[in-house]
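Report on the structure given below.
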Amino acid sequence: MPVMDALIQLSEITKRYDNGGHPAVDDVSLTVAPGEAVAVMGPSGSGKSTLLNLIAGLDRPTTGTVTVAGQRIDRLSETGVARFRRQQIGMIFQFFNLLDDLTVADNVLLPAQLAGLRTAMARARTAELLAALRIEQHANAYPARLSGGERQRVAIARALVNRPALLLADEPTGALDTATGEEIGELLLDLNASGQSMVLVTHNPDLAARYASRTIQLVDGRIAADVAAGAAASPGRS
Amino acid sequence: MSAGPVARAARGGLTRRRVQTFVIGLVLLISTGASVLALAIVVDSNAPFDHAFTAQHGADVAATVNSARATTAQLAATKRLPEVTAAAGPFAEATVTATVPSQPGCNPGPDSSCLIGGPLPPITLAGRAAPGGGVDDLTLQSGHWATQPGQVVLDGSGSGPQLGVPVGTTLTIASAPGKPALTVVGIASSVTGSADGWVLPGQVAALRSAGSPATSELLYRFRSAASAADLSADMAAVRSALPPGTVTGSLSYLAVKTLETGDIAPFVPFLFAFGVIGMVMSVLIVTNVVSGAVVAGYRRIGILKSIGFTPGQVVAAYTGQVSVPAFAGCIGGVLLGNLIARPVLAQTASAYGVGSLSVPLWVDIAVPVVMLCLVGIAALLPAVRAGRLNVVQAIATGRAPRTGRGYAAHRLLGRLRLPRPLTIGLAAPFARPARTSVTMVAILLGAAAVTLAVGLSTSLNMVVEALSHTQTEPVQVAVPGKAGPGGGIIHVQAAHGGGAPGPAGQPPSAAQAQRAIETALRAQPGTLRFVAETDQIVSVAGLSQQAMVTAFRGNASWTGYDIIAGHWYTGPGQVDVPARFLTVTGDAVGDSVTIINGNRQVTARIVGEVFSTSNDGLELITGWKTLASIMPGVTPSQYDVGLRPGTSEVAYIQAVSNRLGPQYPVFPNQRHSHLLQLMVVLIGTLTLLLTVVAGLGVLNTVVLHIRERVHDIGVFKAIGMTPRQTIVMVVCWVAGTGLVAGLIAVPAGMVLHGAVLPAMANAADVGVPANLVNVYHPAEMAGLALAGVVIAVAGALLPASWAAATRTGAALHAE
Chain A
1 MPVMDALIQL SEITKRYDNG GHPAVDDVSL TVAPGEAVAV MGPSGSGKST LLNLIAGLDR
61 PTTGTVTVAG QRIDRLSETG VARFRRQQIG MIFQFFNLLD DLTVADNVLL PAQLAGLRTA
121 MARARTAELL AALRIEQHAN AYPARLSGGE RQRVAIARAL VNRPALLLAD EPTGALDTAT
181 GEEIGELLLD LNASGQSMVL VTHNPDLAAR YASRTIQLVD GRIAADVAAG AAASPGRS
Chain B
1 MSAGPVARAA RGGLTRRRVQ TFVIGLVLLI STGASVLALA IVVDSNAPFD HAFTAQHGAD
61 VAATVNSARA TTAQLAATKR LPEVTAAAGP FAEATVTATV PSQPGCNPGP DSSCLIGGPL
121 PPITLAGRAA PGGGVDDLTL QSGHWATQPG QVVLDGSGSG PQLGVPVGTT LTIASAPGKP
181 ALTVVGIASS VTGSADGWVL PGQVAALRSA GSPATSELLY RFRSAASAAD LSADMAAVRS
241 ALPPGTVTGS LSYLAVKTLE TGDIAPFVPF LFAFGVIGMV MSVLIVTNVV SGAVVAGYRR
301 IGILKSIGFT PGQVVAAYTG QVSVPAFAGC IGGVLLGNLI ARPVLAQTAS AYGVGSLSVP
361 LWVDIAVPVV MLCLVGIAAL LPAVRAGRLN VVQAIATGRA PRTGRGYAAH RLLGRLRLPR
421 PLTIGLAAPF ARPARTSVTM VAILLGAAAV TLAVGLSTSL NMVVEALSHT QTEPVQVAVP
481 GKAGPGGGII HVQAAHGGGA PGPAGQPPSA AQAQRAIETA LRAQPGTLRF VAETDQIVSV
541 AGLSQQAMVT AFRGNASWTG YDIIAGHWYT GPGQVDVPAR FLTVTGDAVG DSVTIINGNR
601 QVTARIVGEV FSTSNDGLEL ITGWKTLASI MPGVTPSQYD VGLRPGTSEV AYIQAVSNRL
661 GPQYPVFPNQ RHSHLLQLMV VLIGTLTLLL TVVAGLGVLN TVVLHIRERV HDIGVFKAIG
721 MTPRQTIVMV VCWVAGTGLV AGLIAVPAGM VLHGAVLPAM ANAADVGVPA NLVNVYHPAE
781 MAGLALAGVV IAVAGALLPA SWAAATRTGA ALHAE
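So the sequence lines, in the order shown, correspond to chains A and B. Per our numbering, the first sequence starts with residue 1, numbered consecutively. Per our numbering, the second sequence starts with residue 1, numbered consecutively.
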């Protein structure tokens, strides 16, 4: 039974990419409350990105259930999960994943346009986000002209344009230098402070410690530790 | 260079790109098949005649001379003219009418196809002591040559009258004094149709009808005989060497060849057009496939080179990827071409009277070799580009580098108030202008083929109507006892219905029959108009072959003959003729012709060129009085009936049949041309194949595009693009290109139609009325303009569905 006030409810999910092999995510159960900032850590191949993809509905679990914002997304059709994603989920990636042939403003505007938001409202929201993230001067530039930090700000603006309930970030500072990474970290912290729920996948323990209220350690697809900020590690909190 | 690693690399590329491998194979299969078919028909439409002409030392011109106008020495002197390389004759000749007895056991019926006896059409018999000679060396097909008076050898070649009279039959020469009998002792063939039969020289005089002029035949081979102009100049030299009026007629080998190849030659222009379109499309698609494989495989190429592949080995690996499916496609195409060619070549074989024709072996070898060479060249250029790639750059780039093109298109289209997936899709072609251009040309060619096919099919269906007059005279009533011009093989319409005029059990007289039919037609409420018609075989001065006069009693301008030039005859002494008549006689509209029937002749002016292929185009259409002046007492053989609008054809026929009785065949005018039907089917088939090829070209382009943009597709889906929006976006990648291609394809197809149809008509030696060329209506053109979009969307739908179904996570991590 999903916990009604949980934003994310994963119940005994397992994800296998081939039948005989080791599962990428192995019998994981996890609950994230609204407003939480959860960091998922672990070595390469531990299943961090797979877990994030399952929460985003980019992939489906082999077994178990995924409930986000009260919606069983593992049961949704491709169209249903796409609609869900654009309403409830914002995603940012290590390598930004901006569309090179669209301007900054068009990149940010795109999810709103896909969601069918009225043009005027979508443009106003885009302008508001570009200003808030201090990249409004690049609105008509193409991503290739921007620095890494600026590109990640554009990606964050794009992720937030539809006011998602959940922000998912996959190594958001992984491709940035330290100073820029800190800037982006502060930005995420500010977002969380304003009530934005988020799950971020990172290799960086400092980032996790400074910007997340809770850290989950994955090893071989299983939760090895689930630690609240300032608390001692405890395995498999749910 | 070691072949092992190259082969393994090529095999790896093949298995990684199964769709493109399949596309190349199928495209080559279709275009090779179309090319084999086209070339086989081109070769087979000419080869049998050319071979027979060479083997028989065919006469370039068979000239008919009036023996009374020139001495034997004067005639012999023409053989020594500088233009003449060989000659034979003079052979005395006589034009006779003969009757044949019924074949024992032959019962007339609707499907009977046997000799039921009666008069044969007039035939020209030449006196020759032996079949051989330096010119027109006849081939004896059966029986033996005439060894004594009373024996005749008939022509059995395709250019002859096809009498269907077997060896052993006795002919009664009804037109000669005393009605002598001739026994058919052999069947021979003359490639140039020098005569319809041969007797011993001494017998010719006895076969001439009383009062007819003594004519002889001279057969010439000339130094320059490649064109009609050459032959005309040659004959001018012969004429000038003889007293005026000596040469009364001539038949060139070109005219005979046109007659013989008339059935098959019209296939050549459209097959050529479709073959060229298919070939160009194949080259474009293969270029696109290999270019795309290079662009999409930068990382792979980098890895191959980093582990030691030389540029040459990379080139070999990438051309090898293409050569395997191309080879398989070409072999399949040869088989396909042979399969489709079979029914078409059967028509040719029938036209030449040879047992069977097949695709020549050299065509089966040359076409795939040429196609493979073209494909090899098309693959080589992008493969060389792959070979020259910088290793580090290729590996580092990992995926196709961004070109930086098309950004402005994205920005502009993004401002339109259209769904974003649609505008993103429409802007995509600008990112890869070269690939877009190649795809556009492929779609354009496919859509142009559709426009051409629609035009040709419309024109050919109109040809069927124009030749059969089914719209204007949907019902015909045959006059009892009139079996059309000449006898021989006669198909007899089964009689049906109720009572009959005339004494019971006796056929009505001609006058009775005419009165009965006209009364019945006038009494029938659905009758709009009718006209009596007869078809009679006659001779025409200057024409060695027999011609047919179609004469109408009363106004027949409504019967549906399309006028190509001049006008419909308006009075006695005027005739309309088809294009082939003008070609064979060398006459033009405005010239006069002399029509001969036995001792009687009439001169008529050609007032119009009409669209008709009756009697192989050797036809004169005229009023009753013109024919009656040389054929007194001629009576109608049938009545052509036009119906009032809304009249049921079936009910009308039933009613008239009931009124006239069983001796009067009343039938719908439903003449079909199997040849034209075959053409329409073939055009439809080839168009379908070419549109499939164009669609495969689109599919290939979209697959390449998806491979390159798989990561972007993942991003789109990650930020909320639904599968349906993904399909719309991917389809729009090529829909705009298809629309532009379709808009260009309509005028291109119309221009092609305007060139191919007259070429077909020219090959068949018929004129083309303007209404058969101008067949495109505005609404139809608007519909055809969408052909490009249809091809594009059809080709893109499948890969678009694949893109929509791609797992987002996998797409995001794909390179």
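Backbone N, C-alpha and C fix where the C-beta goes; we use that ideal spot for every residue, glycine too. Small disclaimer: the values here were computed from a predicted structure and weren't measured.
Taking the alpha-carbon of residue 135 of chain B as reference, which of B:768, B:166, B:62, B:285 has the nearest alpha-carbon? Your numbering for residue 135 of chain B matches position 135 in the second sequence. Among B:768, B:166, B:62, B:285, the Cα nearest to that of residue 135 of chain B is on B:62.
From the beta carbon of residue 91 of chain A, is the nearest beta carbon of chain B less than 8 Å away? Translated into the one-based positions of the first sequence, residue 91 of chain A becomes position 91. Taking Cβ atoms only, chain B reaches closer than 8 Å to residue 91 of chain A, which makes this a yes.
Mind listing which residues of the segment 76-90 of chain A have their C-beta closer than 7 Å to chain B's C-betas, in chain order? 78, 79, 82, 83, 85, 86
How long is the line joining the alpha carbons of residue 728 of chain B and residue 115 of chain A, rounded to whole angstroms? Within the second sequence, residue 728 of chain B is the residue found at index 728, counting from 1. Within the first sequence, residue 115 of chain A is the residue found at index 115, counting from 1. In a straight line, the C-alpha of residue 728 of chain B is about 15 Å away from that of residue 115 of chain A.
Closest residue to residue 341 of chain B among B:712, B:679, B:372, B:749 (Cα-Cα distance): Your numbering for residue 341 of chain B matches position 341 in the second sequence. Out of B:712, B:679, B:372, B:749, B:679 has the C-alpha closest to the C-alpha of residue 341 of chain B.
Is residue 142 of chain A close to chain B? Criterion is C-beta to C-beta, closer than 8 Å. Indexing the first sequence from 1 puts residue 142 of chain A at position 142. So yes, residue 142 of chain A belongs to the interface.
Pick helix, strand or coil for residue 359 of chain B, following the three-state DSSP scheme. Taking the first residue of the second sequence as position 1, residue 359 of chain B is located at position 359. Coil.
Where do the ends of the beta strand (DSSP E) carrying residue 65 of chain B lie? Within the second sequence, numbered from 1, the residue matching residue 65 of chain B stands at position 65. Start and end: 61-66.
The segment 89-119 of chain A: positions lying closer than 7 Å to chain B by Cβ: 91, 97, 99, 100, 101, 102, 103, 106, 110, 111, 113, 114, 115
Quick check: the Cα distance between residue 770 of chain B and residue 178 of chain B, rounded to an integer number of angstroms? As a working mapping, residue 770 of chain B is identified with position 770 in the second sequence. As a working mapping, residue 178 of chain B is identified with position 178 in the second sequence. Cα-Cα distance, rounded: 52 Å.
Apply the 10 Å Cβ neighbour rule to residue 197 of chain A and answer buried if 16 or more other Cβ atoms are within range, or exposed otherwise. Translated into positions along the first sequence, residue 197 of chain A becomes position 197. Result: buried.
Output needed in chain order: residues of the segment 700-720 of chain B with a Cβ under 7 Å from some Cβ in chain A. 712, 715, 717, 718, 719, 720
Can you tell me whether residue 135 of chain A is helix, strand or coil according to DSSP? The residue given as residue 135 of chain A occupies position 135 in the first sequence. Coil, per DSSP.
For residue 79 of chain B, count neighbouring C-beta atoms within 10 Å of its own C-beta (all shown protein chains included) and say buried if the count is 16 or more, exposed if not. The count along the second sequence starts at 1 and reaches residue 79 of chain B at position 79. The residue in question, residue 79 of chain B, is buried, as its Cβ has 16 or more Cβ neighbours within 10 Å.
Measuring only the C-alpha atoms, how far is residue 139 of chain B from residue 184 of chain B? Taking the second sequence and counting its residues from 1, the one referred to as residue 139 of chain B is at position 139. Taking the second sequence and counting its residues from 1, the one referred to as residue 184 of chain B is at position 184. About 16 Å.
Of all the CB atoms in chain A, is at least one closer than 8 Å to the CB of residue 302 of chain B? On the second sequence, position 302 is the one that residue 302 of chain B refers to. No, residue 302 of chain B does not count as interfacial toward chain A.
Count the other C-beta atoms from every protein chain shown that fall within 10 angstroms of the C-beta of residue 186 of chain A, then say buried if there are 16 or more, exposed otherwise. Here residue 186 of chain A refers to the residue found at position 186 of the first sequence. Residue 186 of chain A should be labelled exposed.
Just to confirm before moving on: does the CB-CB distance between residue 719 of chain B and residue 111 of chain A stay below 8 Å? On the second sequence, position 719 is the one that residue 719 of chain B refers to. On the first sequence, position 111 is the one that residue 111 of chain A refers to. Yes. Within cutoff.
Residue 198 of chain B - partner residues in DSSP beta bridges: In the second sequence, the residue the question calls residue 198 of chain B occupies position 198. B:126, B:153, per the DSSP bridge assignment.
Is it the case that the Cβ atoms of residue 122 of chain B and residue 99 of chain B are separated by a distance below 8 Å? Your numbering for residue 122 of chain B matches position 122 in the second sequence. Your numbering for residue 99 of chain B matches position 99 in the second sequence. Contact flag unset, no.
Starting from the N-terminal side, write out each stretch of the alpha helix (DSSP H) that is 4 residues or longer and does not extend beyond the segment 169-240 of chain B. 204-207, 228-240
If you follow the alpha helix (DSSP H) that residue 716 of chain B is in, where does it begin and where does it stop? Reading the second sequence from its first residue, position 716 is the one you call residue 716 of chain B. Where residue 716 of chain B is concerned, the enclosing alpha helix (DSSP H) stretches over 710-718.
What residue from B:202, B:665, B:167 has the CA that sits closest to residue 126 of chain B's CA? Start at 1 with the first residue of the second sequence, and residue 126 of chain B comes out as number 126. Cα-wise, what sits closest to residue 126 of chain B is B:202.
Residue span of the alpha helix (DSSP H) that contains residue 15 of chain A, given as start and end: For this step, residue 15 of chain A is matched to residue 15 along the first sequence. Per DSSP, residue 15 of chain A belongs to no alpha helix (DSSP H); it is in the beta strand (DSSP E), 8-15.
Residue environment, residue 198 of chain B, which counts as buried when at least 16 other CB atoms sit within 10 Å: The sequence position of residue 198 of chain B within the second sequence is 198, counting from 1. Buried, by the Cβ-count rule.
Just checking: is the beta-carbon of residue 318 of chain B within a distance shorter than 8 Å of some beta-carbon in chain A? For the purposes of this step, residue 318 of chain B is identified with residue 318 of the second sequence, where counting begins at 1. Cβ-Cβ to chain A under 8 Å: no for residue 318 of chain B.
For chain A, check one thing: does any of its Cβ atoms lie closer than 8 Å to the Cβ of residue 747 of chain B? Residue numbering aside, residue 747 of chain B sits at position 747 when the second sequence is read from its first letter. So, not an interface residue.
From the DSSP output, in three-state form, read off residue 113 of chain B for me. Stepping through the second sequence from its first residue, residue 113 of chain B is reached at position 113. At residue 113 of chain B the pLDDT is 47, less than 50, meaning the model places this residue with poor confidence; the figure from the coordinates comes in the next sentence. In this structure, residue 113 of chain B counts as coil in the three-state DSSP scheme.
Can you find a C-beta in chain A that's less than 8 Å from the C-beta of residue 420 of chain B? The count along the second sequence starts at 1 and reaches residue 420 of chain B at position 420. Chain A, which has a Cβ nearer than 8 Å to the Cβ of residue 420 of chain B, makes this yes.
Does residue 433 of chain B come within less than 8 Å of chain A when only Cβ atoms are used? Taking the first residue of the second sequence as 1, we reach residue 433 of chain B at position 433. No, residue 433 of chain B does not count as interfacial toward chain A.
Excluding the five sequence neighbours on either side, which residues of its own chain have a C-beta within less than 7 Å of the C-beta of residue 652 of chain B, listed in chain order? To locate residue 652 of chain B, count along the second sequence from 1; it is residue 652. Around residue 652 of chain B: 475, 524, 526, 643.
In the DSSP output, what is residue 46 of chain A paired with across the bridge? Start at 1 with the first residue of the first sequence, and residue 46 of chain A comes out as number 46. Its beta-bridge partners do not exist; DSSP assigns none.
Between B:781, B:780, B:757, which has its C-alpha nearest residue 273 of chain B's C-alpha? On the second sequence, position 273 is the one that residue 273 of chain B refers to. Among B:781, B:780, B:757, the Cα nearest to that of residue 273 of chain B is on B:757.
Just to make sure I have the definition right: I need the residues of chain B whose C-beta is within less than 7 Å of the C-beta of residue 59 of chain A. Which are they? For the purposes of this step, residue 59 of chain A is identified with residue 59 of the first sequence, where counting begins at 1. Those are 807, 809, listed as they occur along chain B.
Name the residue from B:478, B:528, B:257 whose alpha carbon lies nearest to the alpha carbon of residue 510 of chain B. Residue 510 of chain B sits at position 510 when you count from the first residue of the second sequence. Of B:478, B:528, B:257, the residue nearest in Cα terms is B:478.
Is DSSP giving residue 510 of chain B helix, strand or coil here? Counting from one through the second sequence, the residue named residue 510 of chain B turns up at place 510. Residue 510 of chain B falls in the helix class under three-state DSSP.
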